[in-house]
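Worksheet: the structure to be examined is printed underneath.
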Amino acid sequence: MSTTSMHGMWSSRLAFIFAATGSAVGLGNIWRFPYTAGEYGGGAFVLIYLACVAAIGVPIMIAEVMLGRRGRQSPINTMRALAEQQGVSPLWQLLGWMGILSGFLILSFYSVIAGWTMGYVFRAGSGQFAGIDGAGSEAIFGALTADPERLLAWHTIFMVLVVMVVARGVASGLERAVRLLMPALFLLLVVMVLYASQAGDFAAGVSYLFTPDFSELQANAGEAILSAMGQAFFSLSLGMGAIMIYGSYLSSHASIGANAAIIAGMDTLVAVLAGLAIFPIVFANGLEPGAGPGLIFQTLPVAFGQMPFGAFFGALFFMLLVFAAWTSAISLLEPMVAYLVENRGFSRVRASLLAGVTVWALGIACLLSLNEWSGFTIFGKGILDLFDYLTANILLPLGGIFIAIFAGWVLDQQVTRDELGASNGARLYRVWRGLIRWFAPLCVILVFFNAVGLI
Ligand code: PFF
Numbered sequence: 000m001s002t003t004s005m006h007g008m009w010s011s012r013l014a015f016i017f018a019a020t021g022s023a024v025g026l027g028n029i030w031r032f033p034y035t036a037g038e039y040g041g042g043a044f045v046l047i048y049l050a051c052v053a054a055i056g057v058p059i060m061i062a063e064v065m066l067g068r069r070g071r072q073s074p075i076n077t078m079r080a081l082a083e084q085q086g087v088s089p090l091w092q093l094l095g096w097m098g099i100l101s102g103f104l105i106l107s108f109y110s111v112i113a114g115w116t117m118g119y120v121f122r123a124g125s126g127q128f129a130g131i132d133g134a135g136s137e138a139i140f141g142a143l144t145a146d147p148e149r150l151l152a153w154h155t156i157f158m159v160l161v162v163m164v165v166a167r168g169v170a171s172g173l174e175r176a177v178r179l180l181m182p183a184l185f186l187l188l189v190v191m192v193l194y195a196s197q198a199g200d201f202a203a204g205v206s207y208l209f210t211p212d213f214s215e216l217q218a219n220a221g222e223a224i225l226s227a228m229g230q231a232f233f234s235l236s237l238g239m240g241a242i243m244i245y246g247s248y249l250s251s252h253a254s255i256g257a258n259a260a261i262i263a264g265m266d267t268l269v270a271v272l273a274g275l276a277i278f279p280i281v282f283a284n285g286l287e288p289g290a291g292p293g294l295i296f297q298t299l300p301v302a303f304g305q306m307p308f309g310a311f312f313g314a315l316f317f318m319l320l321v322f323a324a325w326t327s328a329i330s331l332l333e334p335m336v337a338y339l340v341e342n343r344g345f346s347r348v349r350a351s352l353l354a355g356v357t358v359w360a361l362g363i364a365c366l367l368s369l370n371e372w373s374g375f376t377i378f379g380k381g382i383l384d385l386f387d388y389l390t391a392n393i394l395l396p397l398g399g400i401f402i403a404i405f406a407g408w409v410l411d412q413q414v415t416r417d418e419l420g421a422s423n424g425a426r427l428y429r430v431w432r433g434l435i436r437w438f439a440p441l442c443v444i445l446v447f448f449n450a451v452g453l454i
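For the sequence shown, numbering that gives the first Met the number 0 gives the first residue as 0, with consecutive numbering after it.
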C-alpha cells in the first residue's frame, strides 16, 4: 500500500538520506561526543557507544522511519492513527507529545551551543587564536560564557535562522545545503585529523579513544553506560519523532534498512573523526579530556592557533559546524510545527514562529544558567546541563523503548514485512525483529535500572 504525506514528499530518494543525515550529524557528533567520551575516560565509553549505535540505534531508526512512513503525519497524529488501526489505546499518541517536549528542551540548549559556535567563527577568523595556549583559550571561552548579552544575541540569531527554514517547509533547500556542506565538513575534519597526527600526540589520542579500559568505568559504570547509550540516541536523532517525521515524507519504494545503515554509518564516522581531531591536541597541550561541555571550544583554538592558515581553517570549521547544527535544529522544530499545522490549522509561518519563540524563551534560561543563574542547580546541575542530561539520557531512550515496543509488538507483523520489503524469512528481517522486540527495549530498561542502582 503506498500513501502520500499531507506535507508533501522528498523530491528524490537521496533527499531523505541527506535530510536525515543533516539531522543526525551536528553538535552531537563534534561537540557532545568528544566531551562525554572525555568525561567517562575514553575507550570503554566509545566501545559501548558503538555497540549501542549498531544494536539499539539502527534497529530503532528503522522502526522510527517505518512508523513515520506508515502514518504520514506529525508523530502525534501518526501514533494516534496507527494505534487506531491496530485497535490499541489512543494513549500511544503520548509518544508524540513526549517527543515534542524533548524537541523543545533539546533545541533550547542546542541553540545556545550553536551560538557559541557562531561566536567562534569570528574569533577564529579575526586571528584571535594565533599562538594561543590552553590557558589563553580557556580564558576566551570563559569570557564568552560569562557574557549573557552576547550569548543571547547569538542564540537569537540562530533561532531566527532555524525558524526561517522551518517556516518555508523543510524540503526546500535542505537537500542542496546538506549535499554541499556535509562533504565539506567531512573533508575539513579529515584535514584536522591529519594535522592532529602531525602536531598532536596522535598515539595518545588514538589509544585513549580505542583502548577500552573498563577499570576506568568502575566507579560510575552505570552512569557511563547510560551516557553512552544516551549519546547514541542523541547523535542519531532518535526517540523524539525527528526521524519519524522525516520518514513520513519518504516515498514508499525507498529501502528503509539500507538508508538507516548509511545514515548511522556516516554519523558515527563524523563522531570518530571529531574525536581523532581533538584528543591528540588535548594530550599534546596538557589539556583536560574531562573538561566538560567546553572541551572543543577550549582545545581546537590551540590547534587553529598553531597551524598554517589557522584563521581561515578555524573560521571555516566553525562555520560548517554552525551549518551542521542548523540542519539538526530544523529537525528538532519540525515535529511540533507539523502538529500545529495539522491539528490547529496554523499556517507554517505562524506555527514556526510560535514554536520558535517558545524555544527561544526556554533557551534564555539555559544561557543564564552559565552565568547569572549559575548558583541555581537541580540535582547538582545548572539548567543547560540538566536539559542536556534529561533529554539525551532519559527522554530519548524512553521514547526509543516505546517506538521499539510499538514496531515490534503492536504493529501487524505483515505491515513491518511490507515496509521493510522482506520476503518470508529473510535473515536481516529476522535479526531486526529480534533486536526490536527483545534486545533494544530490554537493554534500555536494564541500563535505566542499572544507572539508578536497582540492579
Ligand atoms: N542528532 C543531532 C546531533 O547529533 O547534533 C541532535 C538531534 C537532532 C537530536 C534531532 C535529536 C533530534 F531529534
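We put the CB at the ideal spot given by N, CA and C, even for glycine.
Assign residue i to one of two classes, buried (16 or more other C-beta atoms within 10 Å of its C-beta) or exposed (fewer than that).
{"i": "Asp411", "result": "exposed"}
{"i": "Pro182", "result": "exposed"}
{"i": "Ser226", "result": "buried"}
{"i": "Ile454", "result": "exposed"}
{"i": "Met163", "result": "exposed"}
{"i": "Val271", "result": "buried"}
{"i": "His252", "result": "exposed"}
{"i": "Phe157", "result": "buried"}
{"i": "Glu83", "result": "exposed"}
{"i": "Ala134", "result": "exposed"}
{"i": "Val446", "result": "buried"}
{"i": "Ala450", "result": "buried"}
{"i": "Gln230", "result": "buried"}
{"i": "Ser4", "result": "buried"}
{"i": "Thr376", "result": "exposed"}
{"i": "Arg71", "result": "buried"}
{"i": "Arg68", "result": "buried"}
{"i": "Arg31", "result": "buried"}
{"i": "Phe103", "result": "buried"}
{"i": "Leu427", "result": "exposed"}
{"i": "Phe121", "result": "exposed"}
{"i": "Leu179", "result": "exposed"}
In whole angstroms, what is the alpha-carbon distance linking residue i and residue j?
{"i": "Met0", "j": "Ala80", "result": "Only weak support is given to the placement of Met0: the predicted model assigns it a pLDDT of 49, under 50, and the question is left unresolved by the model."}
{"i": "Glu333", "j": "Pro288", "result": "35 Å"}
{"i": "Asp212", "j": "Phe44", "result": "9 Å"}
{"i": "Leu193", "j": "Ser247", "result": "40 Å"}
{"i": "Arg349", "j": "Glu341", "result": "13 Å"}
{"i": "Leu461", "j": "Trp115", "result": "Outside the shown range of the chain (0 to 454) lies residue 461, about which nothing can therefore be said."}
{"i": "Glu174", "j": "Ala218", "result": "45 Å"}
{"i": "Arg436", "j": "Val430", "result": "10 Å"}
{"i": "Gly42", "j": "Val52", "result": "15 Å"}
{"i": "Ala406", "j": "Glu371", "result": "45 Å"}
{"i": "Phe209", "j": "Phe282", "result": "15 Å"}
{"i": "Ala360", "j": "Ser107", "result": "8 Å"}
{"i": "Ala14", "j": "Ala50", "result": "28 Å"}
{"i": "Gly374", "j": "Leu367", "result": "10 Å"}
{"i": "Glu418", "j": "Ile255", "result": "8 Å"}
{"i": "Arg167", "j": "Thr390", "result": "27 Å"}
{"i": "Ser330", "j": "Lys380", "result": "27 Å"}
Which one or two residues does DSSP pair with residue i in a beta bridge?
{"i": "Ile377", "result": "Lys380"}
Following the continuous alpha helix (DSSP H) through residue i, name the residue where it begins and the one where it ends.
{"i": "Asn258", "result": "255-283"}
{"i": "Asn76", "result": "74-85"}
{"i": "Ala218", "result": "Ala218 -> no alpha helix (DSSP H), and no H or E assigned at all."}
{"i": "Glu38", "result": "32-38"}
{"i": "Met335", "result": "309-343"}
{"i": "His154", "result": "147-167"}
{"i": "Val24", "result": "Segment: none, Val24 is in no alpha helix (DSSP H) and carries neither H nor E."}
{"i": "Arg349", "result": "347-367"}
{"i": "Tyr48", "result": "42-51"}
{"i": "Val409", "result": "Where Val409 is concerned, there is no enclosing alpha helix (DSSP H), given that its DSSP letter is neither H nor E."}
{"i": "Ile99", "result": "93-124"}
{"i": "Trp431", "result": "426-433"}
{"i": "Val451", "result": "That residue, Val451, is in no alpha helix (DSSP H); it is neither H nor E in DSSP."}
{"i": "Glu137", "result": "133-144"}
{"i": "Leu208", "result": "201-209"}
{"i": "Arg69", "result": "57-70"}
{"i": "Gln127", "result": "Here Gln127 belongs to no alpha helix (DSSP H), and DSSP marks it neither H nor E."}
{"i": "Tyr245", "result": "241-246"}
{"i": "Ala302", "result": "294-305"}
For residue i, verify whether its CB is less than 6 Å away from any heavy atom of the ligand PLP.
{"i": "Met117", "result": "Judged by which ligands are present, the ligand PLP is missing from the structure shown, whose ligands are the ligand PFF."}
If we define contact as Cβ-Cβ less than 7 Å, is residue i a contact residue for chain D?
{"i": "Arg167", "result": "Although the question refers to chain D, the structure presented lacks it and comprises just one protein chain."}
Worksheet item: Touching or not, the segment 389-407 and the segment 304-313, by the rule of three or more beta carbon pairs under 8 Å?
Response: Flag = no, the segment 389-407 and the segment 304-313 do not touch.
Worksheet entry | Contact the segment 92-110 vs the segment 255-265: 3+ CB pairs below 8 Å | With a cut-off of 8 Å on Cβ pairs, the segment 92-110 is not in contact with the segment 255-265, counting fewer than three such pairs.
Fill in: Three-pair Cβ contact test at 8 Å for the segment 320-331 versus the segment 15-22
Yes, the segment 320-331 is in contact with the segment 15-22.
Worksheet item: Should the segment 117-137 be called in touch with the segment 291-301, which here means at least 3 C-beta pairs below 8 Å?
Response: With a cut-off of 8 Å, the segment 291-301 and the segment 117-137 count as touching, because enough Cβ pairs lie within range.
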